[in-house]
Amino acid sequence: MSKPTFHVESFHLDNGMGIHIMPRPDSSRLALYAQVGTGSIHEGEFLGYGLSHFLEHMMFEGCEGFPNNAVADTVNALGGYANAFTDYQRTVYQLELPSESLAAGLDILAAMLMRPLFPEARFQAEKKVIQREREMSLDQPNTVLLQQLCANSFLVHPLRHPIIGYRELIDQVDRDIMCGYYRRRYTPGRSDLVIVGPVSIARTLQQAAKRFEAWPRRSLADQPLPEEPPQCRSRREVHPFPDPQARLAVGAKIPPLWHPDIPAIDILNGILGQNDSSRLLRKLRQEQQLAIQIQTFCFASRVTGLLGIFAAAEPGKLAALEQAIGGELETIRQHGVSVAELNREIIQQTAALRRDLKSNNALALNLLNSLAGYGQIVDPEQYLDQLKALTPENIQTAARRYFAPEQLTWNLLVPPEQLRARRVRSASGVRHGRPERRRLQHGSELILQPDSRHRLVDLAVLMPGGQIWENRRNAGISRLLSALLLGGTRQFPEAELAERLDDNAVEYRISPGNNSLMFRFNCPEERLPAVLELVKSILLESTFPATVFERERANLLEQLKSRRLQPLHVAQEKALALLYGDHPCGLPHLGSEASLQRLKPTDIGKFYRTLRLPGRTVFGAAGAFDHAVVTRFFEELDAAIPWAATEPEWPPPPRFPQQEQQVFLPLPREQAAVIYAVPACDNLSPDRFVFDLLQHVLNGLSANLFKTVREDNALAYATGANAIRGFFPGVINFYAGTAPDQAPAALELLKEERRRLGRQGLGAAELAAAKAALKQDNAEMQERSDLLLLNLLLAAFYRQELLLPDELDRLYDRLSLTEVNACLKRYFAEPVGVGVITGPEAR
């Protein structure tokens with residue numbers, strides 16, 4: 001088989017700026033990414049001020065030719081997407097645009113990088129936004145844990161400081177400091193532009209050079225970074241954190257990305273904790289049931305990095321979990337890994353590469369990662385060749401070198417009461433053909449969408465499930481069922497099932513929605529026969545073992561405890577409960593402690609059997625599959641499933657409140673969350689297409705909601721809206737994350753946005769931008785067979801016409817401003833929403 005195509009042309013302008021172009025003629029979208037080689041470790045005398053991150057924010061606040069919010073507005077009007085991120089060693093600016101917008105995208109990036117304005121009027125407001133972002137991060141236990149692990153692992157290296165900076169130092173940043181940092185660090189010699197899409201190399205280089213060659217070369221002198229001294233003994237810190245779960249992180253410092261040990265370290269990372277069959281998940285979560293969640297991570301840069309483990313547990317199990325993790329690390333040092341484990345992980349990483357090669361955006365980020373890590377573009381296949389050359393002895397050598405007990409750093413977060421007790425005790429250019437849709441013998445449907453571009457196969461099953469099939473006595477059973485379906489079958493016990501899925505590089509997910517239960521599997525085409533056997537066993541032979549049931553239920557109960565302290569989740573669940581009342585749509589997604597405790601293993605199998613409704617089940621396949629093989633598989637599956645004879649009784653339609661309601665729920669958190677929930681349409685109504693447009697109108701840097709809440713009033717770091725809908729009328733949730741004393745004002749602005757939609761409606765520019773954005777969504781669907789298959793299955797599930805992306809484009813284009821605003825008036829003219837504020841009492 002031929003290797004995936006990876007052709008990139010790299011150039012350097014006279015001023016030192018790198019231009020890297022990857023033509024993809026079968027795509028209709030562009031990924032334009034600019035990377036500046038400066039991050040939080042390069043801030044010199046202002047280390048800890050968060051200048052790199054602050055500067056990234058200010059670059060969107062106006063530049064020459066694009067004042068104020070013109071960057072976001074321009075990108076939005078083109079139907080594109082703009083974003084940016086800052087890490088320890090770089091800042092990246094991302095534009096995703098239609099293919100015809102190359103010139104506009106280059107204009108925007110050139111203006112941002114070369115001619116920012118740093119308007120004084122926006123400076124203080126953005127500083128407040130960043131402070132709020134930092135405060136919100138302190139409510140996230142995993143973020144806090146990572147910051148503490150870095151500070152404990154690196155005693156002198158700048159990696160010990162958070163990228164966002166410290167509150168008291170952020171307060172000291174002024175415009176002069178910001179401008180000075182920009183002049184020192186934003187230079188063409190530190191910058192690279194990556195362009196992926198349907199472009200001509202010669203013309204694209206010419207256009208990029210025309211815009212960036214005027215950027216004057218400046219000094220590339222870097223202040224030397226302090227060298228971290230060798231670690232001679234293990235380190236351990238314990239900190240309190242107000243959450244019912246306990247958490248730990250353990251890290252080992254690793255060499256730079258270019259070091260020859262990195263491939264073996266990557267394999268160690270995967271074997272230990274990146275897949276369900278990996279050692280830590282299998283032994284410590286599934287078998288010993290010490291961990292609620294456990295996963296490895298690996299961060300490598302051009303200077304140094306961390307290989308480590310994150311885990312969450314019930315507080316009473318934390319000590320045993322810590323000891324068990326140490327034991328597993330010592331086991332791999334002493335006894336190494338098996339050939340099967342090594343081969344499985346190489347297959348996994350090879351499949352992950354293929355998946356990355358499907359998307360322009362993933363490819364662009366891959367190129368930038370290569371530039372940041374190696375200083376040049378490296379074909380991923382070369383790295384895979386390094387992985388394939390590894391032996392078990394290489395992996396054991398790396399484990400011995402980096403997992404020595406004296407080189408490990410441990411950080412623990414525990415509930416405050418436990419710590420006190422311890423102290424007392426001591427649009428692709430490709431057009432798809434029509435999908436094949438047919439009814440199988442027992443009434444289920446089959447959707448087939450061939451696509452041979454990527455040598456991958458997507459399989460999916462969509463059947464009834466979720467909240468509308470639940471009640472208050474068994475709420476959460478769909479979520480528990482989705483976990484237990486992978487807990488073992490008659491043919492494959494849990495550990496063997498996980499190993500076989502990983503052996504075949506299967507990316508899989510079983511998840512409940514509000515109305516459905518979705519099975520999704522993706523695998524390399526050559527692995528399809530083995531994967532079909534596994535899928536059949538999961539669907540037909542799941543045994544729901546009592547031990548797995550107890551473990552997964554305990555984990556859900558622990559997640560519930562933590563979820564009760566997450567302001568946005570609490571606010572949204574309360575809003576849905578108030579809107580829907582006794583209707584199942586108002587039930588909490590995870591259930592309640594009472595409902596979960598009431599469930600028994602036999603309830604899971606019984607519930608699953610009631611959901612096997614042939615008239616409401618849809619099978620699907622997309623990708624590079626053998627038509628005869630896949631068709632025969634689903635025909636045999638349809639014949640083998642013991643279908644339910646009758647359909648459960650449907651609940652009556654919900655009755656929404658006829659007047660506004662507002663409640664406050666106190667939570668011991670630093671920041672507040674605000675939800676304003678308004679009834680919307682169901683997924684059977686033609687109005688759903690208007691609400692698709694509304695999702696783009698209400699979200700993004702150019703949205704009126706964002707400008708009003710964040711830009712004009714600096715009330716929230718995060719604001720937007722999300723939609724929930726299904727067989728029954730749904731909800732639009734307007735949301736904001738804000739300071740406690742500003743929550744009432746934020747709620748009023750969310751209500752004002754609802755009033756604007758109901759009375760004034762959208763403007764022509766808003767509608768045009770939303771249509772352009774939906775075209776980009778549909779273009780991505782053209783590129784990704786998994787997204788296309790999901791969209792087709794959902795249409796069949798709701799008994800609708802199957803529409804391909806270009807057909808959806810035409811449908812949205814036909815919606816007039818008058819039609820759209822008439823629809824919005826029907827839903828938003830009257831005040832019938834529910835407002836919920838969660839968080840601490842206003843100070």
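Residue 1 is where the sequence shown starts when you use the numbering used here, and the numbers rise one by one after that. Just so it is clear, CB atoms sit at the ideal spot from N, CA and C, and this is done for glycine as well. Fair warning: this is a prediction, and the values are worked out from it, not measured in the lab.
When secondary structure is reduced to three states using DSSP, S338 falls in the coil class, being assigned neither helix nor strand.
For secondary structure counted as the alpha helix (DSSP H) over 4 or more consecutive residues, the region 580-629 holds these complete runs in sequence order: 593-598 and 601-611. The region 256-326 contains, as complete beta strand (DSSP E) runs of 3+ residues, the segments 293-300 and 305-313 (chain order). Beta-bridge annotation (DSSP): G375 is not paired with any residue. Just measuring C-alpha positions, the residue of C523, P493 and F689 sitting nearest A723 is F689. Here DSSP, grouped into helix, strand and coil, assigns E100 to helix. With a minimum length of 4 residues, the unbroken runs of alpha helix (DSSP H) contained wholly in the region 684-732 fall at 688-698. Within the same chain, A31 and E96 come within 7 Å of N361 by CB-CB distance, once the 5 residues on both sides are set aside. Under the rule that a run must span 4 or more residues, the alpha helix (DSSP H) segments found entirely inside the region 192-262 read 201-212.
Between G251 and L169 a beta carbon distance of about 25 Å is seen, past the 8 Å cut, so the two are scored as non-contacting.
According to the DSSP assignment, Q148 belongs to no beta strand (DSSP E) but to the alpha helix (DSSP H) extending over P141 to S153. By the Cβ criterion, the region 728-743 is in contact with the region 669-682, since at least three pairs of Cβ atoms, one from each stretch, lie closer than 8 Å. Contact between P229 and L155 holds: their C-beta atoms lie close to 7 Å from each other, under 8 Å. Apart from the 5 residues on each side of it in sequence, F241 sits with its Cβ closer than 6 Å to the Cβ of P141 and L413 in its chain, given in chain order.
Ranking G835, R279 and D687 by CA distance to the CA of L747 puts G835 first.
In the structure shown, Q559 adopts helical secondary structure according to DSSP, grouped into three states. In this structure, the beta-carbon distance from P435 to L456 does not fall below 9 Å.
Residue state for I468 is assigned as helix, using DSSP reduced to three classes. In this structure, the beta-carbon distance from A319 to I262 does not fall below 9 Å. For the set N269, L440 and E533, the Cα lying nearest the Cα of F403 is the one of N269. If you draw a straight line from the Cα of S137 to the Cα of D243, it comes to about 14 Å.
Shown here, I164 sits in coil according to DSSP, grouped into three states, outside any helix or strand. Spanning the alpha carbons of W469 and I510 requires a straight line of approximately 17 Å.
When DSSP states are grouped into helix, strand and coil, P642 belongs to the coil group.
The beta carbons of Q89 and Y33 sit about 15 Å from each other, so the pair does not count as a contact at 8 Å. Here the C-alpha atom of F691 lies approximately 11 Å from the C-alpha atom of G730. Membership of R520 in the beta strand (DSSP E) is indicated by the continuous run S516 to P524. The count of Cβ pairs closer than 8 Å, one atom from the region 463-482 and one from the region 654-665, stays below three, leaving the stretches out of contact. For the set L149, V71, I732 and P653, the Cα lying nearest the Cα of L117 is the one of V71. Counting only residues of its own chain and dropping the five nearest sequence neighbours on each side, S191 has a CB closer than 6 Å to the CB of M17 and V36. The beta carbon of P584 sits closer than 7 Å to the beta carbons of Q467, I468, E470, N471 and P651 from its chain, once the five residues preceding and following it are set aside; these are given in chain order. DSSP, read as helix, strand or coil, puts G48 in coil.
In this structure, DSSP gives M17 a state outside helix and strand, which the three-state scheme calls coil.
Around V570, the same chain offers R564, L665, L667 and T838 as residues with beta carbons nearer than 7 Å, after the five sequence neighbours per side are excluded. In this structure, DSSP gives F549 a helical state, which the three-state scheme calls helix. The beta strand (DSSP E) runs of length 3 or more contained entirely in the region 489-515 are, from start to end of the chain, 507-512.
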